[in-house]
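Chemist:
4 protein chains.
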Amino acid sequence: MIIMKTEASQEQVGQVINAVEACGLHVHLSKGEERTIIGVVGDIRSVRQEQFLHLAGIDRILSISRPYKIASREFIPQNSVFPLDGVQIGGEGVVLIAGPCSVENRETLLETAHAVREAGAHALRGGAYKPRTSPYAFQGLGEQGLEYLAEAREATGLPVVTEVMSPEQVPLVSRYADVLQIGARNMQNYALLHAAGESQKTVLLKRGMSATVDELLMAAEYILSHGNRRVILCERGIRTYETSTRNTTDINAIPVLKSLTHLPVILDPSHSTGLWQYVTAIARAGIAAGADGLIVEVHPRPEEALSDGGQSLKPERFAELVGQVRLISEAVGRKLAEKKPLPSPFAGPH
Amino acid sequence: MIIMKTEASQEQVGQVINAVEACGLHVHLSKGEERTIIGVVGDIRSVRQEQFLHLAGIDRILSISRPYKIASREFIPQNSVFPLDGVQIGGEGVVLIAGPCSVENRETLLETAHAVREAGAHALRGGAYKPRTSPYAFQGLGEQGLEYLAEAREATGLPVVTEVMSPEQVPLVSRYADVLQIGARNMQNYALLHAAGESQKTVLLKRGMSATVDELLMAAEYILSHGNRRVILCERGIRTYETSTRNTTDINAIPVLKSLTHLPVILDPSHSTGLWQYVTAIARAGIAAGADGLIVEVHPRPEEALSDGGQSLKPERFAELVGQVRLISEAVGRKLAEKKPLPSPFAGPH
Amino acid sequence: MIIMKTEASQEQVGQVINAVEACGLHVHLSKGEERTIIGVVGDIRSVRQEQFLHLAGIDRILSISRPYKIASREFIPQNSVFPLDGVQIGGEGVVLIAGPCSVENRETLLETAHAVREAGAHALRGGAYKPRTSPYAFQGLGEQGLEYLAEAREATGLPVVTEVMSPEQVPLVSRYADVLQIGARNMQNYALLHAAGESQKTVLLKRGMSATVDELLMAAEYILSHGNRRVILCERGIRTYETSTRNTTDINAIPVLKSLTHLPVILDPSHSTGLWQYVTAIARAGIAAGADGLIVEVHPRPEEALSDGGQSLKPERFAELVGQVRLISEAVGRKLAEKKPLPSPFAGPH
Amino acid sequence: MIIMKTEASQEQVGQVINAVEACGLHVHLSKGEERTIIGVVGDIRSVRQEQFLHLAGIDRILSISRPYKIASREFIPQNSVFPLDGVQIGGEGVVLIAGPCSVENRETLLETAHAVREAGAHALRGGAYKPRTSPYAFQGLGEQGLEYLAEAREATGLPVVTEVMSPEQVPLVSRYADVLQIGARNMQNYALLHAAGESQKTVLLKRGMSATVDELLMAAEYILSHGNRRVILCERGIRTYETSTRNTTDINAIPVLKSLTHLPVILDPSHSTGLWQYVTAIARAGIAAGADGLIVEVHPRPEEALSDGGQSLKPERFAELVGQVRLISEAVGRKLAEKKPLPSPFAGPH
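Residue numbers (our numbering), protein chains in the order written: chain A, 1 to 350; chain U, 1001 to 1350; chain V, 2001 to 2350; chain C, 3001 to 3350.
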C-alpha cells in the first residue's frame, strides 16, 4: 500500500502506477478527499520497497499484514467517528437505533417512531424492502414504505436506517434514507457493496450468517475501497448448532473487531437472540463488551407484526432497555449519545 | 396452492383470485406453459377449502406442508429432467461439468476445454465474473472471458456453465452461457434469483455456505415461482468447525434433497473439500449417494492458477475420476450420460 | 414427578412406587433431606394422574415439560444459593474464581494464590489433573498438585476449585478440594457425573465443547438425581466455524440458563475467548448478561505457563478486571460477593 | 521420536533415555513386540539430532510433524490390518458390523443376530451399557446384556462389539466382548482411553460429536501409546447447524483419515444421518469414499426399539444395503470381507 503525499500531482500518481505495473503487479487506486492511496495487488514477494523510494510524491509505503487494508487499525489507528444526522457514532456516545422489523403501514410506523424517540432512540430502523426466505412471505411495502419512513423522520427528527437489497435500489433508497443497511444475506453481494461504496451514504453492514470476522472486514473493504469511508459494522449473531436461541451472539466479535478496525461496531440483540426475553440482557452485554451502539426491533403490538414479532420489544420494554444500557455505558466510562433537540413545529429538520 | 385446469380461462383465474383475496389472503400467480397455479399466501388457518370448490376451472387444491411448493416432490412427484444442450440432466445419466475455476486467458481455457471433453466431461465450467472475498483479488476477465467461453464451446461442443453475480449481468451472460450459475454467496440474493427466474436459461444454484437444505429449496422456489422451471441444485460443502478440509461435504444433503425435491442435484467435490487429493474420493461418494452429476475444477497447471489452484485436478487426474465415477454409476444402476458427437469441422453446433 | 409430603412414611413411598410400577412405568427415587421425590420414567401417555390421587403421602404431582426435572425452574422457582466456603454463590453477590490453568509448582501456585486473593478473588482455581488433547503433553502434578492447592488454601483462606477426571479420583480430590470441577470433555462422562452426584462436594460443571443448553442441563440432572444439589453451571465457549478466537462465547446461554434453571451460572472468559486481550471485555459482558460469577485464568508469567499461557491474565490485569466487573455488577443492581476475612496467622481455617 | 534397533539392549535404551533427559526433555517409552520407541516430549527446538547419533542401539530418529505419532502414516506407512475374530479389518475386504442400538432382551437380540448374520454381517453390535442424555432414559441391561451378547456370539459365530463407558468396566466387558467400543461422548475420556490402551482388546473409537480429525487421532494416540495397537476409527457424523438430519456425515473425514493414518476407518451411517431412509445411500457413499467397513443399526421392529428406532433398519432393508455395498466395494476394487463359516452345532467357536 503506497500512500501518496497530500500534495502529490496526478502525474506523480501516474508514475508510481507505471512503476508498480512494470513489476507485473496491479494497482488499486483509492482517491480520498485528502490523498491518493495506491493499493498494490499481486505477488509482492519478489519486489523490494526500495525500488519505489526514489519516485516523487510518495509519503510512505505500508505493508499490511491483514488481507484488508483501509479497514484496518494498522492503517488508521484512531477510531472513525462520523455523524448520523447530528449524532456522532464511533465516539464516546453510545448510539441506539430502534424501530420495527418492517414498515407495515403509516400509522404503526409513526406510532413506533414517536415511542422509540421518547424512550431515547437516536435513529429509526424499518425495512421497506425485506429479504425473506420464502417468495410467498411479505416482501415489504417498497417505495411506499420509504415514503412513510421519510414522514416519520420529519415528525420525529430521527434519521432513518433502511435496507437496500440490490445495486439498482441504491439511488432510490438513498433519496429517502440516512443510512443504507446491507443485510446479512447480502454481505458478500459484491455488486451491492460496489454500489454502496460509490454512494455518499453511511452504510450499516451486517455480518453474514456464517461469515468470519475477517470476511466481514473484507466486505467492508469493498465499500471503503470504492471511496465511501462511512461504514458501521454490525454483529447480528452467527449460525451454530445451538437451537435454544435463533442465532448465537458472537460477543467475542465485539472486542475482536474493535481491536482490528477503526470502524464503529454495533450489536443487533434482536436478531442475535431471536427471542425478546433475552434482548435486554444481550444488549447490556454488547455495550459492556465495547460496542458503539445497538440496533433493536421495537413494535407496539409484536403479536401482530408481519415479521419477527417474537423478537420485537414493546416500547415500554425498550424504554427499560435504554435505562439499563445507560447504566452499563457509564460503567464502561461512556454515556448515551447526545440527542438532537426535537424538530420545531415551525422549522422541519430538512 | 390451487391448481387450475389446463383449459381454465383467464376469467376463471380472475374469479379464483378474487375469492382468495376476499378471504384476506394474497395470491402468488405462476403461469406455466400448461396451466396456471395460484399460490395462496397468508394465514390460511381460518379458511376452509370447501369455500373454493364451487368455482369453475379449478383442477385441485393442494395443501403443501413444506414452505416451498413448486420445488417439492409433493407437488411434482417425478424427477425433473431437462436438456443441457443435448445431454439430459436429472435422468438416468450422470452428468459431468468440468473446467477451470476462472477463465484466465484464451489459450489455457481452450486447452482445458479440449482436455475435459476428451476425458469425458459433458459441459464446461469457467468463471468470467468471480466473487472474491478480497476487493484486491483477481475479479475475472468479464465479457472478454465470456467470449473465450463461447469460443471454447464452438471448438468442443460443450455447453457452458458460468457464474452471474448481479441482476443486470443476466442478459449479457445469457447471450454467451448455456447455464447461469448462482454462487454460494448469492444464494439469497433475491434480486438475482428474481432475474434468473425471469430468464429462460437453466440455472445452477449453489447452496450457501451455511444454508440449510430448506433454505436452498426456498431459494430455488424464488426462481421457480418466477416462471423458470430449469433449476439444478448443487451441494458444495458447508461451513463447520472442522479445518482439515476447506468445507465439509454435506453428503447427507444428497439423499435428503432427492427425497424432498424433483429437481436434479449435483455435487461440487472441488469446493466441498478444497484439496485436490480428496476430490476423486468425494466425487465417488457423491454419485454413490445418488447425485445426478458433478461439477469439478480442472486446470492444466494448478500451481499457476489465479484462483483455487489447490483444489483443481490436472486433466489426467480428472480422466481417472471419470473412469472411477463410471464404475460407481454402474454400481448404483446408472451410467454416465451420453455425450453429443463432437462438432463437425464443417458445421458448427449452433 | 410425584412429590411426597415431608411427613410421608417409608411405607407410603413404597405404595406409590408399587402403583407406578403396576402401570408398566419405572421410578427414579430421589430422597432429599426434606422429602422424597419420585420421578416417573416411561411412556406416561396412557396414564392419568387421577389414578394416583387417592394414595396417601403425596403432596403434588408435577408434569415437567422439559426433559430435565430437578434442574428446572418449573420445579424449583427460586435461585439455588449455596456457600462456597463462606462466600454465597447464586445470590446477589458476584463470585470470582481465579488461578492458574494447571498447578505447576509450589512457589508459582502460592504466588498466584496470594495475588488473586489480593486482587479480589473469592476462590482459587488450578488443575492437578489435566485433560490434555495429546498424551505427550504435561498431564498435571497429580496428588502433589492437590497438596500444593491445600497449602495455598491454608495460606490465603481461598476455597479451592480443581478438576476431577474419573470416578475413582473423586474420593481423593474431595479430600483436598472445596469444589469438584468437571471439564468440558467430561460433561457427558456419565460414570463421573454419577460419582460426583454421590459425593457431598459442590460441583462446577462445564458445558461441553458443542453441547446444547439442554444437554448441559441434562448433565446437571445426572448429578442432581444422585442426591447432590450443589451444582454450578459454567459457560466456557462453544465450537463454531469462527477462528479469530479459540471458542465462541455463547453469551445468549447466560440469560437462557438463568431462565430455565435455578442453579448458579458462571462464565469462563479465558477459555471462551482463548486470548487474554479479550478476557476482560467478555468478563464484563458475562456479568452484564446476568452471570453469577466468573472463573478466570491468572498466571504471574503467562509466557512461561505449561498450558494456556495465551489466555492467562497477569495479576495486575486481573486486578483491573475485578475493578471493571465491580462497576458492571453495580450497574445491574448487584455487587461483588463479600469476602471472608483473611485467615488469622494464629488460627488457620482448617 | 527415536526408534531403537530391534536388537537394542535394555541398557542401550536406558542410555538414550538418560541422554534425552539430560537435555531437559521427557521421554515417552513405548515397548512394542519388536522394538522400543522413545517418544521425546518437550521443547525440542534447542536440541540437535546429532547429539544422539553416537549412542548405540538407535535405528533412526524421526521428526513427526503431526501432534500424533504412533497413529500417523509418517510413522507406519502401510495399512494396519488385524483380525476381528477371523475376519480381517483394514485390508482389502470391507467389514460390516450390525445389530441393535441396545440389547433389549434375549429373544430380540438372538433374532437380530441371526438376521444380520444371514444378511451378510461380519460382527454383531449391541449396547449393554448405554450412555443416555437423560438420567431417566433406559440405561441398558448391564452385565445381563453382556451375557445375551455372548450367547448370540455362540449361536451365530459373530464377534461382538459393545460399548464400555468407564475404566472400571473394561475388565468385565473384555470378558464378554471381542471389540470394546468407546462412544462419541467419551472420545476424550482419558482415563477410559488409558484403560482401553492397557487392555489387549481391539478398540472401536468413535469420533466425538464435534471433535476434529486431529483430535480423533490424538485420542487414538492415547490408546496406542499405552501399548494397544488395535484401534478402529469410526466417523459417526458431526454436529453442525443443519437440522434435516440428526448429524452431518463428514464424508471428507474418510479420505482425510485414510491419508493421515494407517488405522482402519469405518463409517456409522445410522448415527451420521439419524434417519433410516438415508442410511443405505450414506453407507454406499462411505465405501465409495474409501471406508474399510460400516457399523449399522438393525432392529426387527424399529417402532418398538427402546432407543434409536428412527435410525434402525429392518433386517430386510439391511440385506438390501449389503447387496448395494457389495457392488460399490467392487466398483472401488475391493470386496466384502470373507466370512468365517457358521459355527458347527457340534463345536462352538470358543
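Yeah, the Cβ is synthetic: ideal placement off N, Cα and C, and Gly gets one too. Please read these numbers as outputs of a predicted model, since none were measured by experiment.
#1: Whose Cβ in chain C lies nearer than 8 Å to the Cβ of Tyr241 (chain A)?
#2: So is Asn79 (chain A) in contact with chain V if we call contact Cβ pairs under 9 Å?
#3: So which residues on chain U does Asn186 (chain A) lean against when the C-beta distance must stay under 7 Å?
#4: Assuming Thr3112 (chain C) and Val3325 (chain C) are in contact, meaning their beta carbons sit under 8 Å apart, how far apart are those beta carbons, in whole angstroms?
#5: Determine the DSSP secondary structure at Arg2125 (chain V), reduced to helix, strand or coil.
#6: Taking the beta carbon of Pro341 (chain A) as the centre, do at least 16 other beta carbons fall within 10 Å, making it buried, or is it exposed?
#7: With a 10 Å radius around its C-beta and 16 neighbouring C-beta atoms as the bar for buried, classify His2271 (chain V) as buried or exposed.
#8: So for Met4 (chain A), helix, strand or coil by DSSP?
#9: Under 9 Å between beta-carbons, which chain A residues line up against Met1165 (chain U)? List them in chain order, please.
#10: I'd like the ranges of any beta strand (DSSP E) spanning at least 3 consecutive residues and lying wholly in the segment 2212-2238 of chain V.
#11: In the structure shown, what three-state DSSP assignment does Val20 (chain A) receive?
#12: Tell me the residue span of the beta strand (DSSP E) that contains Glu3242 (chain C).
#13: Straight-line CA distance for Ala3347 (chain C) to Pro3100 (chain C)?
#14: Could you tell me which residues DSSP puts in a beta bridge with Val1298 (chain U)?
#15: Roughly how many whole angstroms lie between the Cα atoms of Lys3130 (chain C) and Pro300 (chain A)?
#16: Three-state secondary structure (DSSP) at Glu1118 (chain U)?
#17: Can you name the residues of chain A whose CB is closer than 9 Å to the CB of Glu1221 (chain U)?
#18: Identify which residue in A:Gly120, A:Glu104, A:Tyr136, A:Asn189 has its Cα closest to the Cα of Leu149 (chain A).
#19: Judging by CA-CA distance, which residue of V:Gly2237, V:Gly2091, V:Ile2038 is the nearest neighbour of Lys2258 (chain V)?
#20: Kindly identify the DSSP beta-bridge partner or partners of Phe82 (chain A).
#21: Residue ranges of each beta strand (DSSP E) run of no fewer than 3 residues wholly in the segment 2252-2290 of chain V, ordered along the chain?
#22: With three or more C-beta pairs closer than 8 Å as the rule, is the segment 3148-3166 of chain C touching the segment 3108-3124 of chain C?
#23: List the residues that DSSP assigns as beta-bridge partners of Ile2182 (chain V).
#24: Determine the direct distance from the alpha carbon of Val3279 (chain C) to that of Lys314 (chain A), and round the result to whole angstroms.
#25: Counting C-beta neighbours from all protein chains within 10 Å, is the total for Asn2018 (chain V) 16 or more, i.e. buried, or is it exposed?
#26: Closer than 7 Å between beta carbons: that is the criterion. Which residues of the segment 8-32 of chain A meet it against chain U?
#27: Over the uninterrupted alpha helix (DSSP H) stretch that includes His3054 (chain C), give me the two end residues.
#28: Taking Cβ-Cβ distances shorter than 9 Å, what residues in chain U pair up with Asn3105 (chain C)?
#29: In the DSSP assignment, find the alpha helix (DSSP H) that holds Val2170 (chain V) and state where it starts and stops.
#30: Report the neighbours of Ser225 (chain A) on chain U: residues whose CB is nearer than 9 Å to its CB, in chain order.
#31: Leaving aside the five residues before and after Gly1353 (chain U) along the sequence, list all residues of the same chain whose C-beta is less than 8 Å from its C-beta, in chain order.
#32: Please identify the residue among A:Arg132, A:Leu217, A:Ile2 whose C-alpha is closest to the C-alpha of Arg73 (chain A).
#33: Distance, Cα to Cα, Asn1247 (chain U) vs Ala2152 (chain V)?
#34: Quick one: which chain V residues come within Cβ less than 7 Å of Gly3157 (chain C)?
#35: For Ser2307 (chain V) versus Ser2102 (chain V), is the C-beta spacing smaller than 9 Å?
#36: Among U:Ser1134, U:Ala1211, U:Leu1096, which one has its Cα closest to the Cα of Ala1123 (chain U)?
Modeler: On the basis of the supplied data:
#1: If you number the first sequence from 1, residue 241 (chain A) lands on position 241. Ordered by position in chain C, the residues that pass the 8 Å Cβ test against Tyr241 (chain A) are Ser3210, Arg3239, Thr3240, Tyr3241.
#2: Taking the first sequence and counting its residues from 1, the one referred to as residue 79 (chain A) is at position 79. Chain V, which has no Cβ nearer than 9 Å to the Cβ of Asn79 (chain A), makes this no.
#3: Counted from its first residue, the first sequence places residue 186 (chain A) at position 186. Those are Asn1189, listed as they occur along chain U.
#4: Counting from one through the fourth sequence, the residue named residue 3112 (chain C) turns up at place 112. Counting from one through the fourth sequence, the residue named residue 3325 (chain C) turns up at place 325. In fact, because the Cβ distance is near 19 Å, the residues do not count as touching under 8 Å.
#5: For the purposes of this step, residue 2125 (chain V) is identified with residue 125 of the third sequence, where counting begins at 1. If DSSP states are grouped into helix, strand and coil, Arg2125 (chain V) belongs with the strands.
#6: The residue labelled residue 341 (chain A) in the question sits at position 341 within the first sequence. Pro341 (chain A) should be labelled exposed.
#7: Working through the third sequence from its first residue, we reach residue 2271 (chain V) at position 271. His2271 (chain V) should be labelled buried.
#8: As a first step, residue 4 (chain A) must be located in the first sequence, where it is residue number 4. Three-state DSSP puts Met4 (chain A) in a strand.
#9: For this step, residue 1165 (chain U) is matched to residue 165 along the second sequence. Simply Asn189, Tyr190, Ala191.
#10: 2231-2235
#11: Start at 1 with the first residue of the first sequence, and residue 20 (chain A) comes out as number 20. In this structure, Val20 (chain A) counts as helix in the three-state DSSP scheme.
#12: As a first step, residue 3242 (chain C) must be located in the fourth sequence, where it is residue number 242. Per DSSP, Glu3242 (chain C) belongs to no beta strand (DSSP E) and is neither H nor E.
#13: Numbered from 1 along the fourth sequence, position 347 holds the residue referred to as residue 3347 (chain C). Numbered from 1 along the fourth sequence, position 100 holds the residue referred to as residue 3100 (chain C). Unreliable positioning characterises Ala3347 (chain C) in this predicted model, as indicated by a pLDDT of 44, which lies under 50. A coordinate reading is not provided.
#14: To locate residue 1298 (chain U), count along the second sequence from 1; it is residue 298. Val1298 (chain U) pairs with U:Leu1313.
#15: Working through the fourth sequence from its first residue, we reach residue 3130 (chain C) at position 130. Working through the first sequence from its first residue, we reach residue 300 (chain A) at position 300. Computed Cα separation, rounded: 50 Å.
#16: If you number the second sequence from 1, residue 1118 (chain U) lands on position 118. Looking at Glu1118 (chain U) - three-state DSSP - the assignment turns out to be helix.
#17: Here residue 1221 (chain U) refers to the residue found at position 221 when the second sequence is read from its first residue. The answer, in chain order, is Ser134, Pro135, Tyr136.
#18: The count along the first sequence starts at 1 and reaches residue 149 (chain A) at position 149. Residue A:Glu104 is the option with its Cα nearest to Leu149 (chain A).
#19: In the third sequence, counting from the first residue as 1, residue 2258 (chain V) sits at position 258. For Lys2258 (chain V), the nearest C-alpha among the options comes from V:Gly2091.
#20: Locating residue 82 (chain A) in the first sequence gives position 82, where the first residue counts as 1. In DSSP, Phe82 (chain A) forms a bridge with A:Ile89.
#21: 2265-2267
#22: yes
#23: Counted from its first residue, the third sequence places residue 2182 (chain V) at position 182. According to DSSP, Ile2182 (chain V) bridges with V:Leu2205.
#24: Along the first sequence, one-based indexing puts residue 314 (chain A) at 314. Along the fourth sequence, one-based indexing puts residue 3279 (chain C) at 279. Spanning the two alpha carbons is a distance of roughly 47 Å.
#25: Position 18 of the third sequence, counted from the first residue, corresponds to residue 2018 (chain V). Under this definition Asn2018 (chain V) is an exposed residue.
#26: His28
#27: Reading the fourth sequence from its first residue, position 54 is the one you call residue 3054 (chain C). Careful: His3054 (chain C) lies outside any alpha helix (DSSP H) and carries neither H nor E.
#28: Locating residue 3105 (chain C) in the fourth sequence gives position 105, where the first residue counts as 1. By Cβ distance, chain U contributes nothing, its closest Cβ being about 32 Å from Asn3105 (chain C), past 9 Å.
#29: Here residue 2170 (chain V) refers to the residue found at position 170 when the third sequence is read from its first residue. That run of the alpha helix (DSSP H) goes 2170-2176.
#30: By one-based count along the first sequence, residue 225 (chain A) stands at place 225. Residues of chain U passing the Cβ test: Pro1135, Tyr1136.
#31: The structure shown does not extend to residue 1353 (chain U), since chain U spans only 1001 to 1350, so no value can be given for it.
#32: As a working note, residue 73 (chain A) is residue 73 in the first sequence. The candidate whose alpha carbon is nearest that of Arg73 (chain A) is A:Leu217.
#33: One-based indexing of the second sequence puts residue 1247 (chain U) at position 247. One-based indexing of the third sequence puts residue 2152 (chain V) at position 152. Near 47 Å, if we compare the C-alpha coordinates of Ala2152 (chain V) and Asn1247 (chain U).
#34: Here residue 3157 (chain C) refers to the residue found at position 157 when the fourth sequence is read from its first residue. What Gly3157 (chain C) touches in chain V: nothing, since even the nearest Cβ is about 32 Å away.
#35: If you number the third sequence from 1, residue 2307 (chain V) lands on position 307. If you number the third sequence from 1, residue 2102 (chain V) lands on position 102. Yes, the Cβ-Cβ distance between Ser2307 (chain V) and Ser2102 (chain V) is below 9 Å.
#36: The residue given as residue 1123 (chain U) occupies position 123 in the second sequence. The residue with the shortest Cα to Cα distance from Ala1123 (chain U) is U:Leu1096.
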